[in-house]
Amino acid sequence: MRACALAALTGVSLLCAGAASPAWAQEAGPPARAYVSNERSSTVTVVDLASGKAVAQWPVGKRPRGIAMTRDGKYLLVCAGADNTVELRDPQTGALIANLPSGADPEQFFASYDGTLLFAANEDDGAVTAIDLATRKVAWQLPVGKEPEGIAQSPDGKWLLVTSEEDNTVSWIDLASRTVRTAMETEARPRHIEFTADGAQVWIAAEVGGVVQMADPATQAVTGTISFAPPGVPAYKVMPCGIRFTPDGKTAVVALGRADAIAVVDVASATVRGYVKVGGRPWHLAILPGGTRALVANGASNDLSVVDLTTLKVTATIPAGDGPWGVALGG
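Below is the structure:
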């Protein structure tokens, strides 16, 4: 009870001893943990999803941003951008297993669907590095546009897409020939890419443009644009970044950066269903398997918002490190 009182006094929402498990921990087949990369403190916060509590703070390499589990769930991957490496870590203990040769300043990465390669966007080099996860060596490297960040493979395995923040383009890389086939123009400063599960669309978050654009993989052209207008927020603060789709593919959740909000979007109609005010400057997020809860990393308020996507409300706030950036589920 003393811990509960302290939480109330400090304004931090915690799940105290003796309280029932949170509803978001009861979804079908939930992962055991969430891992949050903290860019400024060079740490990873470990959250136990059964209790809703931060249970560990692991020191990692400098300026961690991209974070994900390997496809087989055995390892945690962390982009340590200032150390020019991707760290391979034990998800149970946080122990460093290997430093992968990622190229200069990796920011985001994407594990290939077949589990053999890790594709890293090298912000300083204007390149993409493909890392062989079995040998832990560079398989190949390819130049792309300036300041690459967002990166994703198409579900059919044929294409690798990479955003260029400076050139305002998305490079479409043919993985069979390892060549850039198209440099598709976007709105200003594209930061993140997310394919729909069926591969029929790819969504691109243009941070400075303030929009999400949709593109058709068949034509490699933009087919639509979604604008955002959270209540009471000036347009210049709407800066889309992370995008995630619910498992059923019907809903997209978009982190809106300095707007201090997320947008919940109906995928079929490409219309905003509503907004949820979260912590300061949400960067990226994860959606729990049941599809009704999102975990949002708030880079300016140093916490994680738990959002009910049905009621469009924040149901809990979990403290993290300094500058939360990305969220991975596993453990």
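Those letters in the sequence shown? Residues -25 to -1, 1 to 306, by mature numbering (1 follows the signal peptide of the UniProt record, and there is no 0).
Ideal Cβ positions, reconstructed from N, Cα and C, are used throughout, including at glycine.
Outcome for residue i when other beta-carbon atoms lying within 10 angstroms are tallied against a minimum of 16
i	result
E162	buried
G132	exposed
V119	buried
D100	buried
V282	buried
S244	exposed
V30	exposed
R156	exposed
residue 349	The requested residue 349 is not part of the displayed model; the chain covers only -25 to 306.
G274	buried
P206	exposed
R256	buried
A204	exposed
I72	exposed
W(-2)	Residue placement at W(-2) is poorly supported in this model, since its pLDDT is 40, which falls under 50; the coordinates still yield a value, given next. W(-2) comes out buried.
R164	buried
Pick from the options that is closest to residue i, judged by C-alpha positions
i	options	result
I201	Y211, V187, T194, W33	V187
V242	V251, R219, P206	R219
R40	P294, T286, S280, A272	A272
A7	R256, L279, P264	P264
A234	N74, W134, P209	P209
L279	D107, V239, I293	I293
D223	R256, Y250, I262	I262
residue 323	A291, I179, S87, T285	Residue 323 lies beyond the range of the chain shown here (-25 to 306); nothing can be said about it.
R111	G36, T91, G232	T91
A181	A193, T286, D191, I168	I168
Residue i versus residue j: straight-line alpha-carbon distance, rounded
i	j	result
M189	V197	6 Å
D89	G305	18 Å
D297	R15	5 Å
V183	C216	10 Å
residue 314	Q83	It is not possible to answer for residue 314, since the shown part of the chain is limited to -25 through 306.
A55	S12	10 Å
A102	N143	15 Å
A227	Q116	32 Å
S276	T20	14 Å
residue 307	A151	There is simply no residue 307 to check, as the chain begins at -25 and stops at 306 in what is shown.
E122	E140	5 Å
F94	V240	28 Å
P104	D65	Looking at the sequence provided, one finds Thr at residue 104 rather than Pro. One C-alpha to the other measures close to 23 Å.
Limits of the beta strand (DSSP E) - the one that residue i falls within
i	result
G41	39 to 44
D191	186 to 191
P257	257 to 262
T68	Taken as a continuous stretch (DSSP letters only), T68 belongs to no beta strand (DSSP E), as it is neither H nor E.
G199	196 to 202
Y10	8 to 13
G125	123 to 128
Bridge partner(s) assigned by DSSP for residue i
i	result
K252	A236
H167	A180
R219	V228
D149	W134, T154
S139	P123, T144
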